[in-house]
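Have a look at the structure below, then the notes.
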Amino acid sequence: MTLLEDEQAESPAVLLELGASLRLFGGLRALHRRVLREGPAYGVQGLAWAPTSLGALALARAGIVDGLTQDLTPLLDSLPLHSLSAVAAHAPMLARLGCQRLGQLRALPRGPTARRFGAALLQALDQAYGQAPEAHAWVVAPEQFRARLELPYRIENAPALSHYVEQLLRQLCAWLAARHAGIKRLTLAWQHDAMRAREAGSGGQLSLGTADTTRDFGHLARLMREHLAQLTLQAPVGELSLCADEVLALQEHSASLLPPNGAGSPEQPREPLNQLLERMAVRLGPERVRRARLREDHRPECMQDWLAWGQVLPPASMRPALQPQPSWLLEPPLALKTRRDQPVHQGQVLQLLAGPQRIEGGWWGGKAVDPQVQRDYFLARSSSSASNGLSGLLWIYQERLSTAEQRWFLHGVFA
Amino acid sequence: MPTAVLAADPSHAALLADARLWRATSLGASASPCIASGFGALDAQLPGGGWPTRMLSEILQAQAGLCEWRLLGPALGRLLQQQAPQPQPMRRKPATPAPAARPPLLLVNPPQQPHLPGLRAHGITPQQLVWVAPANALQALWATEQAIKANAAGAVLAWLPEARPAQIRRLQAAALGSAAPVFLFRPLAVQTQSSAAPLRLILSPGADWQLQLHILKRRGPAHAQALRLEALPAELAALLAPRQLRPATVIAPSIPAVPKELSHEPKPAPSAVLARPAARAASLQ
Chain D
1134 MTLLEDEQAE SPAVLLELGA SLRLFGGLRA LHRRVLREGP AYGVQGLAWA PTSLGALALA
1194 RAGIVDGLTQ DLTPLLDSLP LHSLSAVAAH APMLARLGCQ RLGQLRALPR GPTARRFGAA
1254 LLQALDQAYG QAPEAHAWVV APEQFRARLE LPYRIENAPA LSHYVEQLLR QLCAWLAARH
1314 AGIKRLTLAW QHDAMRAREA GSGGQLSLGT ADTTRDFGHL ARLMREHLAQ LTLQAPVGEL
1374 SLCADEVLAL QEHSASLLPP NGAGSPEQPR EPLNQLLERM AVRLGPERVR RARLREDHRP
1434 ECMQDWLAWG QVLPPASMRP ALQPQPSWLL EPPLALKTRR DQPVHQGQVL QLLAGPQRIE
1494 GGWWGGKAVD PQVQRDYFLA RSSSSASNGL SGLLWIYQER LSTAEQRWFL HGVFA
Chain R
29 MPTAVLAADP SHAALLADAR LWRATSLGAS ASPCIASGFG ALDAQLPGGG WPTRMLSEIL
89 QAQAGLCEWR LLGPALGRLL QQQAPQPQPM RRKPATPAPA ARPPLLLVNP PQQPHLPGLR
149 AHGITPQQLV WVAPANALQA LWATEQAIKA NAAGAVLAWL PEARPAQIRR LQAAALGSAA
209 PVFLFRPLAV QTQSSAAPLR LILSPGADWQ LQLHILKRRG PAHAQALRLE ALPAELAALL
269 APRQLRPATV IAPSIPAVPK ELSHEPKPAP SAVLARPAAR AASLQ
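These protein sequences, in sequence, are chains D and R. All letters in the first sequence, in the order written, are residues 1134 to 1548 by the working numbering. All letters in the second sequence, in the order written, are residues 29 to 313 by the working numbering.
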């Protein structure tokens, strides 16, 4: 299937040569119904079928749909002159000669017509009637994607923009499919209406990035809806534009013809994990979906960095910590009251079971960045049997050489 | 027709023995694969012989963040270390498929920050854990529902202290399509509320490093006694002295009070002093 776009005419047209691909689309009738159903979303106003491309173009301009089941020649004969752009250029002269229809034009003698109007006119006529072969320059997708859409009315509410943004996204996905590429970053920009408050500015923009290179329309639409739900517009918007910033080649895997077997294989996820985490990051905030990166450090709070999930680098091999570590870490550490120099947590005196483990470090960073810590860590347990060890297994520490009032802190729980 | 009458008739014996007939006194079997919990006593009491999939498992605790990993660590560690079975594609050249890891754990709204060096002891590596920290209860519910519906995580653990029964019912409806286990942690106060989760447990730390489990609700007969599971992390066992492995019997239960005024009474007889801890220990058992 190949496309040709005719941009010189007043109403642009798209010619598709489909003879080899009809089975893929389920036959002629199914394809016709599908174009009629989905075409208006893209602004398609008319559709015509014919054995030749110029003939189909002429029929479409005249409003006739079917040129395949009937004979093409009588149909074309009855069409007015402006149906073919090569003929329309000479239409006033031909009208003075008494030619109103293509059939009358065809009846004129060929030699004098060619000498008077040029060979291009006769060539177009022959191609339309199927008597000369046609050659076209087929469409190549442009290098950059930039699309604009003028809204039919001014919109003040950001979620109401999603319908129009989806039209632009559809164009983007079609362009990506033509170039066998996927997108990683795109920018949606909007222009405010001319009648606006001065401090509103002329427009704004929103940048959307995905972790995986994708051209999945559904995923991009969902992400865009999440972003728009959190956006407030400063002034009514009259125009939208979409621009693809980062486009990379996308390798699609071919689907398997065999169905997945029932018992053995795991169920395929309904939504890939990366897309789920991206949606969560947009809705909750990018810093609230976290993954850790381990660091080698003796101080427990520095043993890992929690980064936004898209940023985590591939792991280096880390040596395990020397002593057993708790599973929950309280950040910042909880100061414990003392009763007779024994640390107390939730009203119960804590009993020290094992320790002390002395941890010192951080002297290299300077007081502001990395405060130096000198701590003695103990494994502790609530000592009252009535509570049944309600506090669980705690990991507490005592600050060494500290003159502060409270020196015992709870840092972790062996949960 | 009462079962006794049915059992007496030999023609009905085959009917009763049919695996498709479930009697209310027997422990239900689970249609979907169950995850072994790592505790034999618990597996024997759970329908299906392990933590269920395609449904919610609700765990109630008096205080969040006390002993979740001691209970779930063995099961989750083993689950994450299994390689995901790949469907073998038809290829002309037999290519060695790269082993795919299981998808990671999702923790939604945990009570404290997870400490990965400690979780490594259970077999959970940093790439296998994603921490989602929503700002309020509504966002926590939304995140849990999306995680369950997407069916993309290896397991979902969610702490929902403010969830209502209608919301739990909605999560259970979503969990019917989730092949991964879903664990909800809720406060102990909701044990009297009805809940749509088919499995409900009360978890508390017990004496002697044990975990105490009451099974509130399961697909099967009610379980009256508490289950006691030995759940001391192995590395801690190396740290503790042998007498500390049985602290309830050996360690004095409370610090003796200092008398308000120093009295010059003679010290009590040594036998009485020695007898005191033992007597207390005897009262405990």
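C-beta: ideal position from N, C-alpha, C; glycine also. The model shown is predicted, which means the values in this text are computed figures rather than measured ones.
Asked                                                                                                                                                                        : Found
Do Ala1333/D and Ala1368/D have their C-beta atoms closer together than 8 Å?                                                                                                 : yes
Would you please verify whether the beta carbon of Glu1464/D is less than 8 Å from any beta carbon of chain R?                                                               : yes
Can you look up Cys1232/D in the DSSP assignment and give me helix, strand or coil?                                                                                          : coil
Show which residues of chain R have a CB atom less than 7 Å away from the CB atom of Trp1442/D.                                                                              : Val158
Any C-beta of chain R within less than 9 Å: which residues of the region 1420–1433 of chain D qualify?                                                                       : Glu1420, Arg1421, Val1422, Arg1423, Arg1424, Ala1425, Arg1426, Leu1427, Pro1433
Cβ closer than 8 Å: which chain R residues qualify as neighbours of Ser1295/D?                                                                                               : By Cβ distance, chain R contributes nothing, its closest Cβ being about 19 Å from Ser1295/D, past 8 Å.
Please say whether Leu99/R and Ile230/R have beta carbons closer to each other than 8 Å?                                                                                     : no
Name the residue from Asp1210/D, Trp1541/D, Phe1350/D, Pro1184/D whose alpha carbon lies nearest to the alpha carbon of Ala1195/D.                                           : Asp1210/D
For Arg1156/D, which beta-bridge partners are listed by DSSP?                                                                                                                : Arg1156/D pairs with nothing; no bridge assigned.
Alpha carbon to alpha carbon, how far is Pro38/R from Ala201/R?                                                                                                              : 41 Å
Answer yes or no: do Ala1274/D and Arg1312/D have a C-beta to C-beta separation smaller than 8 Å?                                                                            : yes
What residues in the region 249–261 of chain R have a beta carbon less than 7 Å from any beta carbon of chain D?                                                             : Pro261
Would you say Pro1405/D reaches chain R, if we count a Cβ-Cβ gap shorter than 8 Å as a contact?                                                                              : yes
Quick one: is His316/R near chain D, going by C-beta distance under 8 Å?                                                                                                     : Past the edges of chain R, shown from 29 to 313, lies residue 316/R, and the structure says nothing about it.
Look at the Cβ atom of Gly1188/D, then the Cβ atom of Ala1270/D, and state whether they are nearer than 8 Å.                                                                 : no
One question on the structure: do Glu96/R and Ser223/R come within less than 8 Å of each other, judged by their Cβ atoms?                                                    : no
With a cut-off of 8 Å, do at least 3 Cβ pairs link the region 140–152 of chain R to the region 1406–1417 of chain D?                                                         : no
Go ahead and label Arg228/R buried or exposed: buried means 16 or more other beta carbons lie within 10 angstroms of its beta carbon, across all protein chains shown.       : buried
Would you kindly work out how many angstroms separate the C-alpha atoms of Arg1355/D and Leu1390/D, rounded to a whole number?                                               : 29 Å
Using a Cβ distance threshold of 8 Å, determine whether the region 1502–1514 of chain D contacts the region 52–68 of chain R, with at least three qualifying pairs required. : no
Should Pro1459/D be flagged as near chain R, meaning a C-beta pair shorter than 8 Å?                                                                                         : yes
Skipping 5 residues on each side, what residues in its chain have a beta carbon closer than 6 Å to that of Cys1306/D?                                                        : Arg1348, Phe1350
Check Leu212/R in the structure and name its three-state DSSP category.                                                                                                      : strand
Would you give the residue range spanned by the alpha helix (DSSP H) that Tyr1175/D belongs to?                                                                              : Tyr1175/D -> no alpha helix (DSSP H), and no H or E assigned at all.
So Gln1304/D contacts chain R; which residues on that side make the cut at Cβ distance below 7 Å?                                                                            : Going along chain R, no residue has its Cβ under 7 Å from Gln1304/D, so there is no contact; the nearest lies around 28 Å.
Between the alpha carbons of Lys245/R and Ala165/R, how many angstroms are there, rounded?                                                                                   : 25 Å
Output the boundary residues of the beta strand (DSSP E) element that contains Pro1285/D.                                                                                    : 1279–1288
Does DSSP classify Gly1342/D as helix, strand or coil?                                                                                                                       : strand
I want to verify the contact list: residues of chain R whose CB lies under 9 Å from the CB of Val1506/D, in sequence order.                                                  : The premise fails here: Val1506/D is roughly 16 Å from chain R at the closest Cβ pair, so nothing lies under 9 Å.
For Val1220/D, which residues in the same chain have their Cβ closer than 8 Å to its Cβ, ignoring the five residues on either side in sequence?                              : Leu1214, Leu1227, Leu1235, Leu1238, Leu1254, Ala1257, Leu1258
Quick one: which residues of the region 80–96 of chain R get their C-beta closer than 8 Å to a C-beta of chain D? List them in chain order.                                  : Ala90, Gln91, Gly93, Leu94, Cys95, Glu96
When burial is assigned at 16 or more other CB atoms within 10 Å of the CB, is Ala178/R buried or exposed?                                                                   : buried
Would you say Arg1491/D faces chain R, with C-beta separation under 8 Å as the test?                                                                                         : no
Would you identify the three-state DSSP class for Glu1532/D, choosing helix, strand or coil?                                                                                 : strand
CA-CA distance, Pro132/R and Trp1497/D?                                                                                                                                      : 36 Å
Just to confirm, is the Cβ distance from Pro1459/D to His143/R under 8 Å?                                                                                                    : yes
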